[in-house]
Amino acid sequence: IMVTRYLDGYDTMSPESMQTLPGAPTRTAKAFHKLHESGQTFSFRFDLFSMIDGYLEHLAKLGVTEFPEGYHDAVREAESVRQALNAHELPLTACHCDPMCENLLDDGKRMWIIDWEYSGMNDPIWDLGDVSVEASFSPEQDREMLEAYLGRPATPTEMGRMILYKAMCDLLWTLWGLIQHATDNPAEDFWLYATTRFDRCRTLMNDPGFGDHVAAVRAG
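Under this note's numbering, residues 7 to 226 are what the sequence shown spells out, in order.
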């Protein structure tokens with residue numbers, strides 16, 4: 007049981023409210039910037055590709071052989087993303103790592119972040135890429151959030167990192183959904199969850215500009 011302070015006057019966010027409330031991308035950026043600059047150290051290292059490998063191993067142990075069509079091809083294609091991200095040392099800060107819209111509370115002036123189950127040390131841009139996916143932000147909202155976070159226009163490398171993480175978070179959480187499906191979690195239709203995630207991942211990875219983002223991140 008966790009007991010925490012009650013916040014009066016705050017609304018739980020949703021994809022719809024994230025998209026429509028004026029200034030929501032900017033308030034989101036400020037909340038995550040405060041977290042990332044906090045100097046906190048978490049014991050867990052949230053490593054994207056290690057987690058993908060670990061989830062695949064877990065699914066193999068569960069005897070799962072059915073994946074969304076093309077999933078393993080996408081994992082192989084994501085090797086170029088792994089190489090680009092590993093081409094230069096990335097910052098590691100305290101990150102939330104699972105920023106669903108429902109994990110954000112907002113009163114129109116400030117956002118609070120809740121539910122720290124997956125928190126760990128990570129590239130801070132992961133949080134921005136992931137929340138963009140969860141909120142279905144437009145390219146304009148992506149830019150608003152990233153520039154509010156940085157306090158200046160984003161470089162091609164910084165924008166590229168966010169775009170790569172948008173694809174990779176769906177690649178990762180597809181596997182999480184498959185695990186829930188395989189273990190008969192009744193909370194929702196997790197096969198639909200997984201296939202929806204993967205379809206969005208493939209759409210982004212197949213975008214003609216995705217390779218440019220990979221190249222920008224590799225160049226640093």
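Even glycine gets a Cβ: it sits at the ideal position worked out from N, Cα and C.
Task: For I120, the three-state DSSP class (helix, strand or coil) - done: Numbered from its first residue, the sequence shown carries residue 120 at position 114. Here I120 carries a coil assignment [DSSP, helix/strand/coil].
Task: Straight-line gap, T18 to E108 (C-alpha atoms, nearest Å) - done: Within the sequence shown, numbered from 1, the residue matching residue 18 stands at position 12. Within the sequence shown, numbered from 1, the residue matching residue 108 stands at position 102. Straight-line Cα distance between these residues: approximately 6 Å.
TODO: Grab the span of the alpha helix (DSSP H) containing T99 for me, first residue to last.
DONE: Stepping through the sequence shown from its first residue, residue 99 is reached at position 93. From DSSP, T99 is part of no alpha helix (DSSP H) but of the beta strand (DSSP E) over 99-101.
Task: Three-state class that DSSP yields for L156 in the structure shown - done: Here residue 156 refers to the residue found at position 150 when the sequence shown is read from its first residue. Note: L156 maps to helix in three-state DSSP.
Task: Local conformation of R51 per DSSP, three classes - done: As a first step, residue 51 must be located in the sequence shown, where it is residue number 45. Strand at R51.
Open item on the list: Would P105 and F204 be called neighbours here (beta carbons separated by less than 7 Å)?
Closed with: Within the sequence shown, numbered from 1, the residue matching residue 105 stands at position 99. Within the sequence shown, numbered from 1, the residue matching residue 204 stands at position 198. No; because the gap between Cβ atoms is not below 7 Å, this pair is not in contact.
TODO: Spatial neighbours of W179 within its chain, please: CB distance less than 6 Å, with the 5 preceding and 5 following residues excluded, ordered by chain position.
DONE: As a position in the sequence shown, residue 179 is number 173, starting the count at 1. These residues qualify, in order along the chain: R203.
Open item on the list: With a threshold of 6 Å on Cβ separation, who are the neighbours of Y61 within its own chain once the five nearest residues in sequence on each side are excluded?
Closed with: Residue numbering aside, residue 61 sits at position 55 when the sequence shown is read from its first letter. Closer than 6 Å at the Cβ level, and outside the excluded window around Y61, lie L181.
- [ ] Name the two residues that bound the continuous beta strand (DSSP E) containing D112.
- [x] Within the sequence shown, the letter at position 106 stands for residue 112. Note, D112: beta strand (DSSP E), 110-112.
TODO: Given a cut-off of 7 Å, decide if R88 and F55 are closer than it, judged by their beta-carbon atoms.
DONE: Within the sequence shown, numbered from 1, the residue matching residue 55 stands at position 49. Within the sequence shown, numbered from 1, the residue matching residue 88 stands at position 82. Yes; because the gap between Cβ atoms is below 7 Å, this pair is in contact.
Open item on the list: Less than 7 Å between the C-beta atoms of I169 and H94, yes or no?
Closed with: By 1-based counting over the sequence shown, the position of residue 169 is 163. By 1-based counting over the sequence shown, the position of residue 94 is 88. For I169 and H94, no; Cβs fall outside 7 Å.
Open item on the list: Tell me the rounded alpha-carbon separation between E123 and F50.
Closed with: Working through the sequence shown from its first residue, we reach residue 123 at position 117. Working through the sequence shown from its first residue, we reach residue 50 at position 44. Put simply, the backbone Cα of E123 is about 11 Å away from that of F50.
Task: Nearest candidate by alpha-carbon position, reference L110, set R224, L210, L41, N191 - done: Here residue 110 refers to the residue found at position 104 when the sequence shown is read from its first residue. Checked all of R224, L210, L41, N191; the closest Cα to L110 is L41.
Task: Own chain, CB closer than 7 Å to E153, minus 5 neighbours either side, in chain order - done: Taking the sequence shown and counting its residues from 1, the one referred to as residue 153 is at position 147. P159, A160.
- [ ] Would you list the one or two residues that DSSP bridges to M127?
- [x] To locate residue 127, count along the sequence shown from 1; it is residue 121. Beta bridge pairing from DSSP links M127 with R51, A100.
TODO: Can you grab the Cα-Cα spacing for the pair L68 / T189, in whole Å?
DONE: As a working mapping, residue 68 is identified with position 62 in the sequence shown. As a working mapping, residue 189 is identified with position 183 in the sequence shown. Near 8 Å, if we compare the C-alpha coordinates of T189 and L68.
Task: Nearest-angstrom Cα separation, counted from L177 out to E63 - done: Reading the sequence shown from its first residue, position 57 is the one you call residue 63. Reading the sequence shown from its first residue, position 171 is the one you call residue 177. Looking at the two C-alpha atoms, the distance is approximately 15 Å.
Task: Exposure of H78, with buried meaning 16 or more beta-carbon neighbours within 10 Å - done: For the purposes of this step, residue 78 is taken as the residue at position 72 of the sequence shown. Looking at its Cβ environment, which holds fewer than 16 other Cβ atoms inside 10 Å, H78 is exposed.
Task: Beta-carbon gap between D112 and G15 smaller than 7 Å - done: Along the sequence shown, read from residue 1 onward, the residue named residue 112 stands at position 106. Along the sequence shown, read from residue 1 onward, the residue named residue 15 stands at position 9. Taking 7 Å as the Cβ cut-off, D112 and G15 do not qualify as a contacting pair.
Open item on the list: On the CB-based measure, 16 or more other CB atoms within 10 Å of its CB, does K172 come out buried or exposed?
Closed with: Mapped onto the sequence shown, residue 172 falls at position 166. K172 comes out buried.
TODO: List the DSSP bridge partners of T18.
DONE: Against the sequence shown, residue 18 aligns to sequence position 12. In the DSSP output, where bridge partners are listed per residue, T18 has L111.
Open item on the list: So, for A30: in the same chain, excluding its five sequence neighbours on each side, which residues have a beta-carbon less than 6 Å away from its beta-carbon?
Closed with: Taking the sequence shown and counting its residues from 1, one reaches residue 30 at position 24. These residues qualify, in order along the chain: M24.
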